[in-house]
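These protein sequence lines are chains S, U and R, in that order.
Once you know that position 113 of the first sequence is 188 in my numbering, the rest is easy, because the numbers rise by one and skip nothing.
Once you know that position 251 of the second sequence is 760 in my numbering, the rest is easy, because the numbers rise by one and skip nothing.
Once you know that position 211 of the third sequence is 413 in my numbering, the rest is easy, because the numbers rise by one and skip nothing.
Below is one structure, written out as structure tokens; the observations come after it.
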Amino acid sequence: MSSHIDTIKKSELVGDQYKYGFVTDIEVDLAPKGLNEDIVKLISHKKDEPDWMLEWRLKAYRHWLKMKPPEWQKVSFDPIDYQDAYYYAAPKSGNKPKSLDEVDPTLIETYNKLGIPLREQEVLAGVEGAPAVAVDAVFDSVSVATTYKAKLEEVGVIFCSISEAIHTYPELVKLYLGSVVPFGDNYFSALNSAVFTDGSFVYIPKGIRCPMELSTYFRINQENTGQFERTLIIADEDTHVSYLEGCTAPMRDEHQLHAAVVELIALENAEIKYSTVQNWYPGDSKGKGGIYNFVTKRGACRGDNSKISWTQVETGSAITWKYPSCILQGDNSVGEFYSIAITNNYQQADTGTKMIHIGENTKSRIISKGISAGHADQTYRGLVRMQKRAEKARNYTQCDSLLIGDTCGAHTVPYIESKNPTAQVEHEATTSRINEDQLFYCRQRGLTDEEAVSLIVNGFCREVLQTLPMEFAVEAQKLVGISLEGSVG
Amino acid sequence: MALLEIRNLHVKVENKPILNGVNLKIEPGEIHAIMGPNGSGKSTLSYVLSGRDGYQITDGEIIYNGIDLLELEPDQRAREGVFLAFQYPVEIPGVVGLTFLKTALNATRIHRGQNELDAMDFLKFVREKAQSLEIDDEMLKRFVNEGFSGGEKKRMEILQMAILQPKLAILDETDSGLDIDALQVVSKGINALRDANRGMLLITHYQRLLNYVRPDKVHVLANGRIARSGDEALAQELEEKGYAEFNVFVE
Amino acid sequence: MPDGAGRSFTFLEQAAIADQIDTGSQPHWLRELKESGASIFKKRGLPNRSDEYWRHTLLNQLVEIEFQLSNESPRVGQKQLSQVALAGLSSYRIVLVNGCVRKDLSSIGDLPKGVLIAGFNDVMSLLPNRLEKQLGHYIDLKNMPMAALNTAFLKEGVIIFVDKDITVDKPIELISITVPNKNPTMSQPRFLIDLGENSRATLIESHIGNTEIPYFNNVVSEIIIGEGAGLDHYKFQDEGTAAVHISTTALRLHKQSLYGGFILQSGGLIGRVEASAVLDGSDSDCRFDGVYLGRDNQLLDTTTSIKHVATSCKSRQVFKGVLNGNSHGVFQGKTHVSIGAQKTDGYQLSRALLLSRDAEISTKPELEIYADDVKCSHGATSGDLDADSLFYLQSRGLSPDVARRVLVEAFLNEALAEIKLNEVYEGFRSHIRGWLNKNINQTVAE
């Protein structure tokens with residue numbers, strides 16, 4: 076187990092399409108399989124947490140026991156055996172290293188391979204000229220490294236793992252954790268609240284524009300583990316922060332559960348931009364294996380003139396179930412949701428957003444581009460609600476679905492509710508297949524079928540890709556092409 | 510060896526015969542014009558040459574540069590140097606024109622064993638070609654054909670031809686929908702690509718374009734066959750007399 | 203136990219009592235059909251919040267009030283009838299009062315050969331085999347609890363058969379009037395309409411109740427449109443102010459058939475019109491259009507579903523709603539495209555105007571698509587009248603109320619334009635005008 080060589084699982088089933096499917100051979104500290112109060116206590120103990128944190132976890136756990144998994148979403152899978160998984164897996168390198176020199180070189184190598192720089196002089200994804208990005212790297216259950224901490228501290232920005240924040244900034248955590256997504260919100264948020272192991276914590280102090288992009292990179296490595304990370308971002312008054320999230324996992328025949336919770340809080344005049352490129356292992360072309368990605372992401376625009384913008388590029392996971400949402404409490408606050416979801420082979424996705432307009436003059440914009448191919452099934456599900464006080468609020472929603480092949484499905488299920496006559500809601504949705512004339516035109520100019528599809532689909536998704544930070548946009552464009560390989564012809 | 514030789518080509522669309530034994534031979538350096546009334550099968554010929562789906566070839570063969578063209582996929586034909594300037598160029602929303610041109614050019618260059626052009630060299634190359642067609646940077650940055658006028662679309666087709674440098678160019682009704690100024694710009698672009706090694710097939714209803722791009726040979730396509738062949742004078746004659754003498758059956 | 207489950211037993215007890223009365227004459231299949239309806243309803247109870255398609259339309263009223271099947275025939279005069287009839291329309295008319303066919307009020311006259319318009323009981327004795335083959339075969343009772351309840355009561359209704367190649371020369375008018383007794387009345391009428399190949403007909407269905415006494419009208423229609431046949435169907439829901447109107451229509455469209463449905467809803471305390479069509483023959487064309495006008499505490503629900511099973515079918519839906527007072531509008535519209543239903547063209551538009559501070563709209567346009575060569579879209583909007591247009595009209599001298607009425611009418615026109623029969627167009631338009639004059643006076647937002 077001590078060798079520093081990665082064993083790369085032969086990609087017999089999906090060809091080379093999923094290039095992050097390798098397994099890192101590293102010694103891990105595993106809690107016993109199964110879930111009970113002792114496991115919850117063990118996780119809390121491992122992390123040396125204060126009592127209040129353990130209490131909260133136990134409350135969440137007891138609540139979870141009383142809940143039933145949701146059934147309304149349009150995805151199907153066998154019931155999950157929650158007792159047949161590990162809830163804690165950490166690389167066995169003792170305490171969190173103080174500097175990169177102490178980090179297990181195997182891990183550094185793993186992240187290099189994923190294009191994630193853990194050395195501060197390197198750039199993300201090897202994109203030349205890209206600005207520096209601070210990275211929090213979460214490997215299975217724990218954060219293994221956070222870069223640029225010192226530089227961020229100079230301006231007062233806190234960027235660390237949530238475990239560290241619980242110790243170092245308990246007042247902030249107590250005030251905001253669970254304030255946007257209460258543990259009882261849904262089945263998976265309750266589970267996450269009980270057993271979350273790590274994740275990122277960000278606090279932007281008043282008046283600060285975060286000097287660099289912040290990023291967390293999640294990696295599931297261990298077999299039979301669930302990953303339950305928790306992210307909390309607080310943007311105090313008059314601030315701006317852009318946060319990126321990436322994720323990959325090895326190829327395995329068993330499904331693995333990823334149930335994260337992300338909470339964003341934007342106070343007066345604060346702006347949070349949250350971008351995700353989700354590329355968890357999607358399973359093979361027959362639908363075997365892959366991650367169950369059941370995630371609760373929600374942001375609260377608490378202050379006037381605040382703004383939360385979600386961008387997601389969802390190409391991975393066997394099943395995706397997530398609705399990054401905005402609660403627009405502050406007057407003039409703005410919520411945005413830009414989404415590209417690509418499902419191929421036997422992938423299933425039920426994803427969308429909720430925009431809850433509470434404050435006056437609040438605005439929201441939803442742009443969703445869904446592409447379904449192979450035997451995949453995809454649903455956009457969204458809620459736009461104009462509450463009674465949402466004077467002059469506005470929403471604009473555009474949902475476009477593209478079908479590639481006649482064995483996939485694409486569905487649109489928007490809920491639109493308004494209780495205010497001055498609020499305006501506008502929703503449009505279209506579904507069509509990839510245009511034959513466009514395909515022929517591209518092929519007449521020398522592009523192969525797959526190149527043509529990739530080009531046209533990238534054009535279809537352009538409005539969303541544009542909202543991504545540059546270095547992520549490059550990666551996302553490539554992913555669009557890769558995800559659709561084998562879907563035509 | 511002829512650049513293109515079509516022998517006894519029979520084509521059906523949805524089981525209806527459209528081409529009933531077309532024979533045509535184009536030598537390198539020649540410009541041929543195919544004229545004919547609406548519904549005579551002119552566009553069918555251009556789509557069969559470029560490999561579009563939906564056309565049943567029931568008999569005959571097409572030899573291009575010594576290879577059986579019908580065996581190739583549309584993109585293989587394109588990379589082998591067969592270019593079709595579309596009568597109705599399609600819009601591709603979200604795809605920037607320059608990106609499209611670069612992707613297409615590099616696909617062909619790799620096929621020819623050339624290296625891919627980097628961004629700077631590519632831009633220089635395109636600008637040079639674009640200038641003479643009165644295409645500015647702004648137009649290149651727009652999405653492929655989206656919101657273009659008829660004339661802009663046709664100029665963009667000729668620009669693509671100039672960039673891809675095909676061996677055989679098929680221009681399907683390139684003159685339709687052009688005013689006189691645009692026709693001159695487009696014709697200039699076509700003439701600039703006249704070359705001893707390149708063949709061209711101009712498909713047109715009217716003789717107008719042929720005043721500017723002078724063909725070596727003119728053919729009349731009627732009832733799915735080449736009914737007559739001649740030189741420029743034939744085009745002039747058709748302009749005066751129309752297609753009546755070909756006893757065309759038009760539905 | 204779901205809400206109202208207790209109450210559902212009372213409903214079913216009544217059904218059982220009603221059933222015992224006609225035990226003697228009832229064929230086996232009818233009994234089975236009724237029992238299947240009763241058992242589904244018993245299991246599901248009244249729809250509640252957890253039923254996805256009933257989230258907003260809660261039928262608590264039905265739990266609180268003891269509705270009784272009416273067993274007397276109240277007096278209704280021709281004069282009363284003429285008030286609800288469309289001006290200048292010559293028609294074949296069949297009238298129901300409290301859910302029972304009234305021959306004395308109907309005027310069917312000389313029907314063309316090959317056309318049958320009759321009460322359920324008459325057809326039971328004339329053509330029982332045909333009813334056996336068709337009744338209950340086109341509706342998905344398992345997913346339609348209120349249709350299951352209606353089926354448990356199956357006893358009264360109207361049957362319309364048109365033979366192949368027949369064009370019915372005049373519109374068929376189906377008028378349902380409720381005149382409650384002292385006790386709140388309940389009706390459970392059933393309609394079956396079967397158009398043979400290449401036939402044509404126009405149906406105008408009105409539900410009227412000029413009363414403030416609560417009653418419950420639970421209507422179920424099954425409509426079959428044969429190959430190449432066409433039906434224009436206008437539905438007018440103007441029940442009494444305390445009424446609960448629930449109607450469930452199941453349509454089956456065969457090859458190259460046409461259905462043009464228009465729904466005008468403005469009555470009842472709770473009104474729900476649900477229509478679902480299955481397009482199982484290629485090249486058929488289905489339209490659902492409509493207008494709903496809500497005021498006071500009304501809840502008006504329009505729920506549609508169009509299921510494309512065959513290839514090359516077209517569906518269009520345009521619904522416009524105007525909501526005043528504390529009213530709540532619900533529009534749920536679904537376009538479903540099954541595997542293999544290539545070349546489908548499906549379009550849907552839902553627009554709602556909120557005219558008061560307390561009005562509310564809930565919209566759920568839905569696309570469920572399993573075929574790739576399709577063109578499907580929907581649009582939905584909600585909001586107030588355009589302030590610029592209002593200002594423009596006022597600057598031309600119109601008072602604010604008049605300006606609002608003009609703009610609301612213009613807003614509704616896109617849907618109304620789909621009405622082909624002039625008498626219906628005029629009749630509906632004058633009803634809408636009357637409603638606007640009564641309801642838009644001091645409704646300006648502040």
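Glycine residues also receive a C-beta, built at the ideal position from the N, C-alpha and C atoms.
Going by Cα to Cα distance, which pick from L718(U), V599(U) and A628(U) is closest to R520(S)?
It is V599(U) whose Cα lies nearest to the Cα of R520(S).
For N686(U), I'd like the list of residues in its chain whose CB is within less than 6 Å of its CB, leaving aside the five on either flank, ordered along the chain.
It should be noted that the sequence gives Gly, not Asn, for residue 686(U). Result list for G686(U): G659, in chain order.
On the criterion of 16 or more Cβ atoms from any shown chain inside 10 Å, does Y278(S) qualify as buried, or is it exposed?
So Y278(S) counts as buried.
Could you tell me whether the Cβ of R548(S) comes closer than 9 Å to any Cβ of chain U?
Per the sequence shown, the amino acid found at residue 548(S) is Ala instead of Arg. By this cut-off, A548(S) is not an interface position.
Entirely within the region 274-315 of chain R and at least 4 residues each: give me those alpha helix (DSSP H) ranges in chain order.
With a minimum length of 4 residues, the continuous alpha helix (DSSP H) runs that stay inside the region 274-315 of chain R are 280-286.
Taking only beta-carbon atoms, is F271(S) less than 9 Å away from chain U?
F271(S) does not count as touching chain U.
Just the Cα atoms here: how many angstroms apart are G201(S) and I541(R)?
At G201(S) the pLDDT is 48, less than 50, meaning the model places this residue with poor confidence; the figure from the coordinates comes in the next sentence. The alpha-carbon atoms of G201(S) and I541(R) are separated by roughly 44 Å.
Using the C-alpha atoms, what's the distance from R606(R) back to I531(S)?
So the two alpha carbons sit approximately 46 Å from each other.
From I309(S) to D179(S), what distance separates their C-alpha atoms?
For I309(S) and D179(S), the distance between alpha carbons rounds to 31 Å.
In chain S, which residues lie with their C-beta within 7 Å of the C-beta of Y572(R)?
Within chain S, the residues near Y572(R) are G484.
Sorted by chain position, which residues of the same chain lie with C-beta nearer than 6 Å to E666(U)'s C-beta, five sequence neighbours on each side aside?
A594 and P598, listed in sequence order.
Give me the chain R residues within the contact set of S565(S), using Cβ-Cβ distance strictly less than 8 Å, ordered along the chain.
Given a span of 76 to 564 for chain S in the structure shown, any question on residue 565(S) remains unanswerable.
For chain U, is any of its Cβ atoms less than 9 Å away from the one on L530(S)?
Chain U contact via Cβ: present.
What does the alpha-carbon distance come out to for the pair M388(R) and S378(R)?
Cα to Cα, the separation comes out at about 13 Å.
Using the C-alpha atoms, what's the distance from G247(R) back to L289(S)?
Going from the Cα of L289(S) to the Cα of G247(R) covers about 53 Å.
In the DSSP assignment, the alpha helix (DSSP H) including G660(U) goes from what residue to what residue?
G659 to L673 is the extent of the alpha helix (DSSP H) around G660(U).
Any idea which residues DSSP pairs A424(S) with across the strands?
Note: A424(S) sits in a beta bridge opposite T395(S) and Q453(S).
Going along chain R, which residues have a C-beta under 7 Å from K429(S)?
In chain order: nothing, as chain R lies at least about 14 Å away.
Label G622(U) either buried or exposed according to how many other C-beta atoms from any shown protein chain fall within 10 Å of its C-beta, with 16 as the threshold for buried.
Exposed: under 16 other Cβ atoms inside 10 Å.
In whole angstroms, what is the alpha-carbon distance linking I183(S) and D313(S)?
Those two C-alpha atoms are separated by around 36 Å.
How far does the beta strand (DSSP E) with N419(R) in it reach, from first residue to last?
Where N419(R) is concerned, the enclosing beta strand (DSSP E) stretches over Y417 to I427.
Would you grab the beta carbon distance between S439(S) and L403(S) for me? Rounded to a whole angstrom, and I think it's under 8 Å.
The pair is a contact, with the Cβ atoms about 7 Å apart (cut-off 8 Å).
How many Å lie between L288(R) and T413(R) at the Cα?
Rounded to whole angstroms, L288(R) to T413(R) spans 20 Å at the Cα level.
Using a threshold of 9 Å, state whether the C-beta atoms of L618(R) and L609(R) are closer than that.
Taking 9 Å as the Cβ cut-off, L618(R) and L609(R) do not qualify as a contacting pair.
Tell me which residues share the same chain as Y573(U) and place their Cβ nearer than 6 Å to its Cβ, disregarding the 5 neighbours each side in the sequence.
Excluding sequence neighbours, Y573(U) sits near L513.
Starting from L522(S), find everything on chain U with Cβ-Cβ shorter than 7 Å and list it in chain order.
Residues of chain U passing the Cβ test: D584, T612, A613 and A616.
At which residues does the beta strand (DSSP E) containing W385(S) begin and terminate?
Start and end: K382 to E389.
Could you check the C-alpha separation between Y262(S) and K141(S) for me, to the nearest Å?
For Y262(S) and K141(S), the distance between alpha carbons rounds to 9 Å.
Does the beta carbon of T583(R) sit closer than 9 Å to a beta carbon anywhere in chain S?
Chain S, which has a Cβ nearer than 9 Å to the Cβ of T583(R), makes this yes.
Under the three-state reduction of DSSP, which class applies to I368(R): helix, strand or coil?
I368(R): coil per DSSP, three-state reduction.
Is G548(R) closer than 9 Å to T565(R) when the C-beta atoms are compared?
No, these two residues do not count as a Cβ contact at 9 Å.
Ends of the alpha helix (DSSP H) at K116(S)?
Unbroken alpha helix (DSSP H) run through K116(S): E112 to K121.
I'd like to know whether the C-beta atoms of P357(S) and Y93(S) end up nearer to each other than 9 Å.
Yes, these two residues count as a Cβ contact at 9 Å.
Hey, out of F755(U), E647(U), E746(U) and R734(U), whose CA is closest to L518(U)'s CA?
Of the listed residues, the one whose Cα sits closest to L518(U) is R734(U).
Does the beta carbon of T565(R) come closer than 9 Å to any beta carbon on chain S?
Chain S, which has a Cβ nearer than 9 Å to the Cβ of T565(R), makes this yes.
Roughly how many whole angstroms lie between the Cα atoms of K121(S) and G362(S)?
Looking at the two C-alpha atoms, the distance is approximately 36 Å.
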